[in-house]
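Asks: In this note's numbering, the protein residues as written are 948 to 1172.
Note that the Cβ used here is the ideal one computed from N, Cα and C, for glycine as well.
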């Protein structure tokens, strides 16, 4: 894996060499004023998610905003959310947990104080876990197979001492290739076993909450411990 890192007073850029192209470099240089076709998937105060078309390829850009000075000070001392997404993308791939391929991350800054940050990844078509499992009215083999794939990947995450900290069903995208984990910026890896167990239980509680109106899913997913 060949990673390119470029640092300037006002910007830090990290990307995979295999994706390097004039189109990617132009996207990075003009990340605040995109000229390529853009479809907004989410627009919020703290996060904006965009799907973009670059050289006949579809990518996703997540823009993380810092809304006040305290946020800027905090992020000066810790990893940006874009950098966390980048780091956990590679960790998940090492754990054989599916996640969209990371391409780059960018941090705008003023000296030591970060401003916006961006995480670029490949776009994964599919439906959320909630939409996928809600279509079943009985325990069909397809449902059981996909549910077990999801459970297996969650268990792999926990075995590595990592918690998601955002286990809502919309963060699991399902397509014929399997289950993909998205929105990784909240993940955390623990060295302290007590803190990990406590965070793991919160993850499990949130995960089970997704299925409170779906008895078929409860029968399968409530086995997670």
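1. Here's the rule: buried if 16 or more other CB atoms are within 10 angstroms of the residue's CB, otherwise exposed. What is residue 974?
2. Which term fits residue 1164, buried or exposed, when burial requires 16 or more other beta carbons within 10 angstroms of its beta carbon?
3. Check this for me: beta carbons of residue 1060 and residue 1033, under 8 angstroms apart or not?
4. Do residue 1045 and residue 1100 have their beta-carbon atoms positioned less than 8 angstroms apart in this structure?
5. Report all residues from its chain with a CB closer than 6 angstroms to the CB of residue 1026; omit the five preceding and five following residues, and keep chain order.
6. Which of the three DSSP states, helix, strand or coil, is assigned to residue 1070?
7. DSSP on residue 1002, reduced to helix/strand/coil?
8. Have a look at residue 1156 and residue 949 and give me their C-alpha separation to the nearest angstrom.
9. What separation, rounded to the nearest whole angstrom, lies between the Cα atoms of residue 962 and residue 1008?
10. How many Å lie between residue 1092 and residue 1035 at the Cα?
11. Could you name the residues of the same chain whose beta carbon sits closer than 6 angstroms to that of residue 1237, not counting the 5 residues immediately before and after it, in chain order?
12. Do you know offhand how far residue 1030's Cα is from residue 1054's?
13. Examine chain B for any beta-carbon lying closer than 8 angstroms to the beta-carbon of residue 1122, and answer yes or no.
14. Check whether the Cβ atoms of residue 1127 and residue 1049 lie closer than 8 angstroms to each other.
15. Pick out the complete beta strand (DSSP E) segments inside the segment 968–997, 3 residues or longer, and give them in chain order.
16. Pick out whichever of 1086, 1106 and 1067 has its Cα sitting closest to the Cα of residue 1161.
17. So for residue 1138, helix, strand or coil by DSSP?
18. Label residue 1132 either buried or exposed according to how many other C-beta atoms from any shown protein chain fall within 10 Å of its C-beta, with 16 as the threshold for buried.
19. Measuring CA to CA, which of 1070, 1105 and 1159 is closest to residue 1130?
20. Just the Cα atoms here: how many angstroms apart are residue 1037 and residue 1043?
21. Sort 1168, 1116 and 1109 by Cα distance to residue 1141 and report the nearest one.
22. Taking the alpha-carbon positions, what's the residue 954 to residue 989 distance?
23. So for residue 1009, helix, strand or coil by DSSP?
24. Should residue 1028 be labelled buried (16 or more other beta-carbon atoms within 10 Å of its own) or exposed?
Replies: The structure says:
1. Locating residue 974 in the chain shown gives position 27, counting from the first residue. Buried, because 16 or more other Cβ atoms sit within 10 Å of the Cβ of residue 974.
2. Here residue 1164 corresponds to residue number 217 of the chain shown, with the count starting at 1. Residue 1164 should be labelled buried.
3. Taking the first residue of the chain shown as position 1, residue 1060 is located at position 113. Taking the first residue of the chain shown as position 1, residue 1033 is located at position 86. Taking 8 angstroms as the cut-off, the Cβ atoms of residue 1060 and residue 1033 do not count as close.
4. The residue labelled residue 1100 in the question sits at position 153 within the chain shown. The residue labelled residue 1045 in the question sits at position 98 within the chain shown. Going by C-beta atoms, residue 1100 is nearer than 8 angstroms to residue 1045.
5. Your numbering for residue 1026 matches position 79 in the chain shown. Non-local beta-carbon contacts of residue 1026 in its own chain, meaning distances under 6 angstroms to residues more than five positions away in sequence, are absent.
6. Residue numbering aside, residue 1070 sits at position 123 when the chain shown is read from its first letter. It is coil, neither helix nor strand.
7. Residue 1002 sits at position 55 when you count from the first residue of the chain shown. Residue state, collapsed to three classes: coil.
8. If you number the chain shown from 1, residue 1156 lands on position 209. If you number the chain shown from 1, residue 949 lands on position 2. Roughly 40 angstroms between the two C-alpha positions.
9. Counted from its first residue, the chain shown places residue 962 at position 15. Counted from its first residue, the chain shown places residue 1008 at position 61. Each residue's alpha carbon lies about 13 angstroms from the other.
10. If you number the chain shown from 1, residue 1092 lands on position 145. If you number the chain shown from 1, residue 1035 lands on position 88. Distance between the alpha carbons of residue 1092 and residue 1035: 26 angstroms.
11. Given a span of 948 to 1172 for the chain in the structure shown, any question on residue 1237 remains unanswerable.
12. Here residue 1030 refers to the residue found at position 83 of the chain shown. Here residue 1054 refers to the residue found at position 107 of the chain shown. Taking the Cα positions, residue 1030 is about 8 angstroms away from residue 1054.
13. No chain B appears in the structure shown, which is made up of a single protein chain.
14. Taking the first residue of the chain shown as position 1, residue 1127 is located at position 180. Taking the first residue of the chain shown as position 1, residue 1049 is located at position 102. No; because the gap between Cβ atoms is not below 8 angstroms, this pair is not in contact.
15. The qualifying runs are 985–990.
16. Within the chain shown, the letter at position 214 stands for residue 1161. Nearest option by C-alpha distance: 1086.
17. Taking the first residue of the chain shown as position 1, residue 1138 is located at position 191. Reduced to three states, the DSSP call for residue 1138 is coil.
18. For this step, residue 1132 is matched to residue 185 along the chain shown. When all chains shown are included, residue 1132 counts as buried.
19. Position 183 of the chain shown, counted from the start, is the residue given in the question as residue 1130. When 1070, 1105 and 1159 are compared, the shortest CA-CA separation from residue 1130 is found for 1070.
20. Sequence index remark: in the chain shown, residue 1037 carries index 90 (1-based). Sequence index remark: in the chain shown, residue 1043 carries index 96 (1-based). Rounded to whole angstroms, residue 1037 to residue 1043 spans 10 angstroms at the Cα level.
21. Residue mapping note: residue 1141 aligns to position 194 of the chain shown, counting from 1. For residue 1141, the closest of 1168, 1116 and 1109 by C-alpha to C-alpha distance is 1109.
22. By one-based count along the chain shown, residue 954 stands at place 7. By one-based count along the chain shown, residue 989 stands at place 42. Each residue's CA atom was taken as its position, placing residue 954 and residue 989 some 29 angstroms apart.
23. On the chain shown, position 62 is the one that residue 1009 refers to. Judged by DSSP in its simplified three-state form, residue 1009 adopts strand.
24. For the purposes of this step, residue 1028 is taken as residue 81 along the chain shown, with counting starting at 1. With 16 or more other Cβ atoms inside 10 Å of its own Cβ, residue 1028 counts as buried.
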